[in-house]
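Novice: Under the working numbering, the residue at position 204 of the sequence shown is numbered 251, and the numbers go up by one with no gaps.
The structure's right below; bear with me while I get my questions together.
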Amino acid sequence: MRKIIIAIDGYSACGKSTTAKEVARELGYKYIDSGAMYRAVTLYFLDHLVAFTNPKEVDKALQNISLAFRVNAKGVSEIFLNGINVEQSIRKMRISENVSPVSTIKEVRQAMVALQRKLGKDKGVVMDGRDIGSVVFPDAELKLFLTADILVRAIRRQKELLEREDLVDVDTIIQNLQQRDQIDSTRKESPLVRPADSVEINTTHITIDEQVDEVIRLALSKIVAAGKRKFT
Ligand code: CDP
48 MRKIIIAIDG YSACGKSTTA KEVARELGYK YIDSGAMYRA VTLYFLDHLV AFTNPKEVDK
108 ALQNISLAFR VNAKGVSEIF LNGINVEQSI RKMRISENVS PVSTIKEVRQ AMVALQRKLG
168 KDKGVVMDGR DIGSVVFPDA ELKLFLTADI LVRAIRRQKE LLEREDLVDV DTIIQNLQQR
228 DQIDSTRKES PLVRPADSVE INTTHITIDE QVDEVIRLAL SKIVAAGKRK FT
């Protein structure tokens with residue numbers, strides 16, 4: 048069967064990664080969390096006291112960063128920074144508070160987009176982020192744009208943080224989400240936009256299962272269409 052690229056973009060905590068992971072599992076596709084890449088770069092910058100505003104320091108740091116995804120024993124994709132599994136540490140609030148400024152840096156974006164394209168070159172990939180359908184894979188066969196009400200997003204994020212033993216109040220989370228929405232949507236380099244050819248899914252009142260079913264339904268029709276095109 049022909050493989051396609053599924054690009055899932057949208058605001059923080061709208062259920063992109065949960066949906067992307069499950070869709071990838073059901074289709075036997077690779078799941079790439081592009082946000083994890085920006086978070087891992089942010090972790091490196093903070094731990095190595097890299098001055099975000101100094102292009103020379105940023106360039107040097109990027110040369111010393113190696114990122115890879117590996118699938119663990121449970122079949123879950125995890126990110127490794129210079130050989131170390133940082134899947135848990137990149138989800139902490141201190142990273143969330145710094146990741147959007149780091150993601151505005153042109154050199155950081157160029158390096159991440161190049162890596163993302165390499166990871167998706169054989170298709171059969173579900174990638175989620177902010178600029179996947181608009182910049183990374185403008186020709187992706189299926190583009191989705193997820194939205195949800197801010198309070199629902201904050202409560203979902205609080206639950207995720209609690210599971211990682213990070214207790215953060217809802218107001219602080221709302222503030223962080225709004226701040227990141229603002230930076231992500233207004234930055235100069237590939238801002239978060241809804242691609243005109245994307246399908247919008249509002250996840251406020253639907254369950255994860257409903258979300259996944261809808262995406263699988265859309266994906267299967269694109270896979271069939273991609274297969275037919277091959278023979279015309
Ligand atoms: O988990 P959450 O939805 O909160 O965010 P994420 O997907 O982990 O992304 C964290 C941050 O990385 C975003 O707020 C963006 O600033 C940045 N990002 C980006 O600029 N481009 C992407 N393709 C993915 C993430």
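By construction, the Cβ of each residue, glycine as well, lies at the ideal position given by its N, Cα and C atoms.
Quick caveat: nothing in here was measured; it's all calculated off a predicted structure.
1) Relative to ligand 1, is the shortest distance from any of its heavy atoms to the C-beta of V146 smaller than 7 Å?
2) Would D186 pass as a contact of K139 if the rule is Cβ separation under 8 Å?
3) Measuring only from the beta carbon, is I126 closer than 7 Å to any heavy atom that is part of ligand 1?
4) Whole angstroms is fine: what's the gap from F127's alpha carbon to I221's?
5) What does the Cβ neighbour count give for G62, buried or exposed, with the cut at 16 atoms within 10 Å?
6) Starting from the Cα of G167, find the closest Cα among G57, T65, K275, A71 and give me that residue.
7) Within 8 Å (strictly less), CB to CB, does M140 reach chain B?
8) Apart from the five residues on each side of it in sequence, which residues of its chain come closer than 7 Å, Cβ to Cβ, to N119?
9) CB-CB under 7 Å to A158, same chain, minus the five flanking residues each way: which ones, in chain order?
10) For the putative contact between A201 and V217, defined by C-beta atoms under 8 Å, what is the C-beta separation to the nearest angstrom?
11) Between V155 and L239, what straight-line distance do the alpha-carbon atoms span, to the nearest angstrom?
12) Any heavy atom of ligand 2 closer than 7 Å to the beta-carbon of I248?
13) For E125, which beta-bridge partners are listed by DSSP?
14) State the Cα-Cα distance for the pair Y78 and A98, rounded to the nearest angstrom.
15) For G57, write down the residues that DSSP places opposite it in a beta bridge.
Specialist: So, to answer that:
1) For the purposes of this step, residue 146 is taken as residue 99 along the sequence shown, with counting starting at 1. Yes, since a heavy atom of ligand 1 falls inside the 7 Å radius drawn around the Cβ of V146.
2) Indexing the sequence shown from 1 puts residue 186 at position 139. Indexing the sequence shown from 1 puts residue 139 at position 92. No.
3) Counting from one through the sequence shown, the residue named residue 126 turns up at place 79. Incorrect: I126 has no Cβ contact closer than 7 Å to ligand 1.
4) Position 80 of the sequence shown, counting from 1, holds the residue named residue 127. Position 174 of the sequence shown, counting from 1, holds the residue named residue 221. Answer to the nearest angstrom: the Cα atoms are 28 Å apart.
5) In the sequence shown, the residue the question calls residue 62 occupies position 15. G62 is buried by the Cβ-count criterion.
6) As a working mapping, residue 167 is identified with position 120 in the sequence shown. Of G57, T65, K275, A71, the residue nearest in Cα terms is A71.
7) The structure shown has no chain B; it contains just one protein chain.
8) Reading the sequence shown from its first residue, position 72 is the one you call residue 119. Counting only Cβ-Cβ distances below 7 Å, and skipping sequence neighbours, we find E125.
9) Stepping through the sequence shown from its first residue, residue 158 is reached at position 111. L109.
10) On the sequence shown, residue 201 is found 154 positions in, with the first residue counted as 1. On the sequence shown, residue 217 is found 170 positions in, with the first residue counted as 1. Their Cβ separation, rounded to whole angstroms, is 5 Å, which keeps A201 and V217 in contact under 8 Å.
11) Position 108 of the sequence shown holds residue 155. Position 192 of the sequence shown holds residue 239. The straight-line gap from Cα to Cα measures roughly 16 Å.
12) Annotation note on ligand 2: not contained in the displayed structure, which lists ligand 1 as its ligands.
13) As a position in the sequence shown, residue 125 is number 78, starting the count at 1. The bridge partners DSSP lists for E125 are R117.
14) Here residue 78 refers to the residue found at position 31 when the sequence shown is read from its first residue. Here residue 98 refers to the residue found at position 51 when the sequence shown is read from its first residue. Spanning the two alpha carbons is a distance of roughly 31 Å.
15) What you label residue 57 is simply residue 10 of the sequence shown in a count that begins at 1. G57 is bridged to L193.
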